[in-house]
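Number of protein chains: 2
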Amino acid sequence: MENIITAQLVSVGTELLRGEITDTNATFLASQLPLLGIELQRITTAGDNLEDLCQILRQAMNFSEIVITSGGLGPTQDDLTREAVAELFNETMIIDLQLEHNLREMFSRFNREMPPHNIKQAMLIPSAVPLPNPRGTAPGWWVEKQGKVIVLLPGPPREMTFMWQNEVLPRIKQRFPVKSILTRTIKTYFIQEAKVAELAHSFFQKDNPTLGIYANPDGIQIRFLATGDNAGQLLDEAEIKLVEKLSPYVWGKGNDTLDGIIGAWLIKHGLTLATIEDFTGGLLAGLITNSKLSAQYYRAGVIAPNDNAKTEWGVTAEAIIKFGAVSSEAASAMAIQVKQELYADIGISVTGIDKEGRIYIGIADQSETKTWQQQYQAGRPDNRERVMMAALFRLRERLIGLNFTDT
Amino acid sequence: MENIITAQLVSVGTELLRGEITDTNATFLASQLPLLGIELQRITTAGDNLEDLCQILRQAMNFSEIVITSGGLGPTQDDLTREAVAELFNETMIIDLQLEHNLREMFSRFNREMPPHNIKQAMLIPSAVPLPNPRGTAPGWWVEKQGKVIVLLPGPPREMTFMWQNEVLPRIKQRFPVKSILTRTIKTYFIQEAKVAELAHSFFQKDNPTLGIYANPDGIQIRFLATGDNAGQLLDEAEIKLVEKLSPYVWGKGNDTLDGIIGAWLIKHGLTLATIEDFTGGLLAGLITNSKLSAQYYRAGVIAPNDNAKTEWGVTAEAIIKFGAVSSEAASAMAIQVKQELYADIGISVTGIDKEGRIYIGIADQSETKTWQQQYQAGRPDNRERVMMAALFRLRERLIGLNFTDT
Numbered sequence: 142m143e144n145i146i147t148a149q150l151v152s153v154g155t156e157l158l159r160g161e162i163t164d165t166n167a168t169f170l171a172s173q174l175p176l177l178g179i180e181l182q183r184i185t186t187a188g189d190n191l192e193d194l195c196q197i198l199r200q201a202m203n204f205s206e207i208v209i210t211s212g213g214l215g216p217t218q219d220d221l222t223r224e225a226v227a228e229l230f231n232e233t234m235i236i237d238l239q240l241e242h243n244l245r246e247m248f249s250r251f252n253r254e255m256p257p258h259n260i261k262q263a264m265l266i267p268s269a270v271p272l273p274n275p276r277g278t279a280p281g282w283w284v285e286k287q288g289k290v291i292v293l294l295p296g297p298p299r300e301m302t303f304m305w306q307n308e309v310l311p312r313i314k315q316r317f318p319v320k321s322i323l324t325r326t327i328k329t330y331f332i333q334e335a336k337v338a339e340l341a342h343s344f345f346q347k348d349n350p351t352l353g354i355y356a357n358p359d360g361i362q363i364r365f366l367a368t369g370d371n372a373g374q375l376l377d378e379a380e381i382k383l384v385e386k387l388s389p390y391v392w393g394k395g396n397d398t399l400d401g402i403i404g405a406w407l408i409k410h411g412l413t414l415a416t417i418e419d420f421t422g423g424l425l426a427g428l429i430t431n432s433k434l435s436a437q438y439y440r441a442g443v444i445a446p447n448d449n450a451k452t453e454w455g456v457t458a459e460a461i462i463k464f465g466a467v468s469s470e471a472a473s474a475m476a477i478q479v480k481q482e483l484y485a486d487i488g489i490s491v492t493g494i495d496k497e498g499r500i501y502i503g504i505a506d507q508s509e510t511k512t513w514q515q516q517y518q519a520g521r522p523d524n525r526e527r528v529m530m531a532a533l534f535r536l537r538e539r540l541i542g543l544n545f546t547d548t
Numbered sequence: 142m143e144n145i146i147t148a149q150l151v152s153v154g155t156e157l158l159r160g161e162i163t164d165t166n167a168t169f170l171a172s173q174l175p176l177l178g179i180e181l182q183r184i185t186t187a188g189d190n191l192e193d194l195c196q197i198l199r200q201a202m203n204f205s206e207i208v209i210t211s212g213g214l215g216p217t218q219d220d221l222t223r224e225a226v227a228e229l230f231n232e233t234m235i236i237d238l239q240l241e242h243n244l245r246e247m248f249s250r251f252n253r254e255m256p257p258h259n260i261k262q263a264m265l266i267p268s269a270v271p272l273p274n275p276r277g278t279a280p281g282w283w284v285e286k287q288g289k290v291i292v293l294l295p296g297p298p299r300e301m302t303f304m305w306q307n308e309v310l311p312r313i314k315q316r317f318p319v320k321s322i323l324t325r326t327i328k329t330y331f332i333q334e335a336k337v338a339e340l341a342h343s344f345f346q347k348d349n350p351t352l353g354i355y356a357n358p359d360g361i362q363i364r365f366l367a368t369g370d371n372a373g374q375l376l377d378e379a380e381i382k383l384v385e386k387l388s389p390y391v392w393g394k395g396n397d398t399l400d401g402i403i404g405a406w407l408i409k410h411g412l413t414l415a416t417i418e419d420f421t422g423g424l425l426a427g428l429i430t431n432s433k434l435s436a437q438y439y440r441a442g443v444i445a446p447n448d449n450a451k452t453e454w455g456v457t458a459e460a461i462i463k464f465g466a467v468s469s470e471a472a473s474a475m476a477i478q479v480k481q482e483l484y485a486d487i488g489i490s491v492t493g494i495d496k497e498g499r500i501y502i503g504i505a506d507q508s509e510t511k512t513w514q515q516q517y518q519a520g521r522p523d524n525r526e527r528v529m530m531a532a533l534f535r536l537r538e539r540l541i542g543l544n545f546t547d548t
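Residue numbers (the working numbering), protein chains in the order written: chain L, 142 to 548; chain P, 142 to 548.
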């Protein structure tokens, strides 16, 4: 790629240096910059210290064309990002009457008097263009000077991401126009990150398209990005090769979610679902009901965490004695019973985890009942989330296996 | 405080600069350092670039006494943290026979041959002491040179936190002994972070004790830390003042969890619990069943996301028509029914969220049924988690209100 634009992020706030909060702003901004053809060179986290901030900003500007800060735009004496930029450029901050007006109006809308120190948030240096912040009291700054761009954003993620989308993104696109940049994402499951990396990297020896591999609870995602006039073609070619290599593991693309895919399939075929859970204890139902679409297919659910509850839900006392409450037999009986009792077309059950790390997933539909045994490393804190996703993957497998004729 | 020890963190990995993962290692280490009397001055995130890494490490060493890196200790060409430190100190890396032996043994334990490039992970410079990593193939380094300490840790959080606890913490304590440092944590709910800050900061004008305020899903936590011979007394004084000011909002201390407190209370009084959820859709049950102790008091749970399911669980069709499915009446009927049907002493229900952002929590016990209406800003992504925690807080309130005689 010709002429790469470089950037640095500066996260400001003593609360970050004390570990009081995790810097998700940096993650968000870092994931956004490649989409603009911008290469992030460094992220620096600084406390509320003017001298430090000035030094970091000066250094960042020396090495990169764009510097984006988040945090330190509050109304208190500790909030020093504006002051640091003013000092850096040797400019004086003055109150902007329009910003002051907006700020006072915002306070009066909430029937509150503006505390005197909030006036700081209406100040600008002559080189700064204010960036509106409808979700908070701190406007951002857009500063172009000495051939560089410095962007000041507030720390709260709700405010920062909104302003990024609406104010910063369009300005960066205009200031640093690039040939078309396109991205595509492929989503996989039941495959390790290292294996994906091994299979995928062979297709990405060159700079264009570039590759990012993201490990998520719903599996490993591969994002690839191409620039230039033939970006679309490059992505098509890469996608075909990747899907070919990864095919049994690929379950979605782009913004697909697993519960979304399953929900759409059930709605399309007019089928309903019920859940019964041990171990995941309600997390599976929680994920399903997080989407409003679930109202169209999800009947209800049960949490059956002990033998008593399981015998209420179809597992006979004899079966528990003979096979145990964590068994293929229990998973099967629970799936069948929940399907019937909750008037659903499909019942899905989870039971586990035993001492050997085994869990069982059961799925009952109109024609048959199938169970799967899966193994986990006992005691890992993310096992419940992994089992929840595994249950959805088995459900997807089963639905595809049903082989309904698409109409 | 006399003689403050200073530190910097350096997080290494291009995946961080691409936003593929969030840097939770920095948060963890940053939260640990105050407990050792160490002041974190800066966090820098660098890509897999030797020149950059050397420059960042050199600068960090010039300003701080301790530099801790995480990441970049893998076996590939991209993993350059060892190389950067070797270059920085102008030392040559050689294979350590003991480390090589350990590494080969680890691979053979998994019946795998060691790939040739993994030999990198058995290399040391003369100044480095290896830090064992039982959870992975990359040992850490402890380097003392030029009056400074540099610690190299691997990137995977499971490995890093384990090594911090077992290898780094004791070495730092020995190398930088400090007078006793004590901390205490107070946990609050139903109070805003800004309000806590306002109330708490007035007690923390000075350096000792210092104050940290952490916003968590289970409320705002205040951690205060004191050093010196009278640290315990300082904390006692601060705690008394804080609890006095915040008293109606304080629900726990130290490692208390809300579900833990509720569970202990129910177990102590020999009472059992059942849940029924709309809106939270299983998350409340999921939190409760996440603790093994719940086996002693949690009977079972139901997810009732629609009118059909609610009428199965005690809400009459007439009540739904008259009051709606999101109403005090529905919450009340659901709590009573789930208590009876699941043979529990206490039933708790959640129903919501309506267009005005209202949810209802109902709690039925042997003597009476009580409901609460709560308001949320519709559409916020964390509403379900907030409602789940609110339900637990109402349950705690109700349990205390029951006023059992402690025996």
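C-beta: ideal position from N, C-alpha, C; glycine also.
Measuring only between beta-carbons, confirm whether residue i sits less than 8 Å from chain P.
i, result
"F169/L", "yes"
"E558/L", "Absent from the model: residue 558/L. The displayed extent of chain L is 142 to 548, so no value can be given."
"R440/L", "yes"
"P175/L", "yes"
"A379/L", "no"
"I146/L", "no"
"D348/L", "no"
"T233/L", "no"
"I489/L", "no"
"A405/L", "no"
Any beta-carbon of chain L closer than 8 Å to the one on residue i?
i, result
"N447/P", "yes"
"A450/P", "yes"
"P358/P", "no"
"I207/P", "no"
"L536/P", "no"
"Y87/P", "With chain P covering only 142 through 548, there is no way to say anything about residue 87/P."
"T302/P", "no"
"R276/P", "no"
"G288/P", "no"
If you run the structure through DSSP and keep just helix, strand and coil, what is residue i?
i, result
"G373/L", "helix"
"T416/L", "strand"
"L221/L", "coil"
"E228/P", "helix"
"T430/L", "helix"
"I494/L", "coil"
"T147/P", "strand"
Comparing C-alpha positions only, which one of the options sits nearest to residue i?
i, options, result
"T510/P", "Q481/P, T452/P and G465/P", "Q481/P"
"T163/P", "A356/L, M475/L, I417/L and D397/L", "A356/L"
"I209/L", "L176/L, E192/L, M301/L and P257/L", "M301/L"
"A263/L", "M247/L, A466/L and V443/L", "M247/L"
"S469/P", "W513/P, A436/P and A505/P", "W513/P"
"K289/L", "M202/L, T185/L and V153/L", "M202/L"
"E192/L", "L229/L, Q218/L, A167/L and T329/L", "L229/L"
"L238/L", "A335/L, S343/L, K261/L and A341/L", "K261/L"
"I502/L", "E538/L, Y484/L and A519/L", "E538/L"
"A505/P", "S172/P, V479/P, W283/P and P311/P", "V479/P"
"K451/P", "R440/P, A441/P, G465/P and Y438/P", "G465/P"
Run through chain C and tell me which residues come within less than 9 Å of residue i, C-beta to C-beta.
i, result
"S172/L", "Among the protein chains in the structure shown, which are L and P, there is no chain C."
Taking 8 Å as the cut-off, does the stretch 412-428 of chain P touch the stretch 525-537 of chain P (at least 3 CB pairs, one atom from each stretch)? yes
I'd like to know if the stretch 272-290 of chain L and the stretch 213-232 of chain L are in contact, where contact means that at least 3 CB-CB pairs between them fall below 8 Å. yes
Could you pull out every unbroken beta strand (DSSP E) segment of at least 3 residues lying fully inside the stretch 292-370 of chain P, listed in chain order? 322-329, 351-357 and 360-368
Given 8 Å as the limit, is there contact between the stretch 215-231 of chain L and the stretch 262-276 of chain L, that is, 3 or more CB pairs closer than that? yes
Could you name each continuous beta strand (DSSP E) segment of 3 residues or more that falls completely within the stretch 434-486 of chain P, going from the start of the chain to the end? 439-444
Would you call the stretch 145-164 of chain P and the stretch 177-190 of chain P touching, i.e. three or more CB-CB distances under 8 Å? yes
Using 8 Å as the cut-off, can you tell me whether the stretch 481-494 of chain P makes contact with the stretch 401-416 of chain P, which would need three or more C-beta pairs spanning the two stretches below that distance? The answer is yes - the stretch 401-416 of chain P touches the stretch 481-494 of chain P, with three or more Cβ pairs under 8 Å.
Counting Cβ pairs, one atom from each stretch, are 3 or more of them under 8 Å apart for the stretch 362-371 of chain L and the stretch 315-331 of chain L? yes
Pairs of beta-carbons, one from the stretch 283-298 of chain P and one from the stretch 324-331 of chain P, closer than 8 Å: are there three or more? Counting C-beta pairs with one atom in each stretch, the stretch 283-298 of chain P and the stretch 324-331 of chain P have fewer than three that are closer than 8 Å, which means they do not touch.
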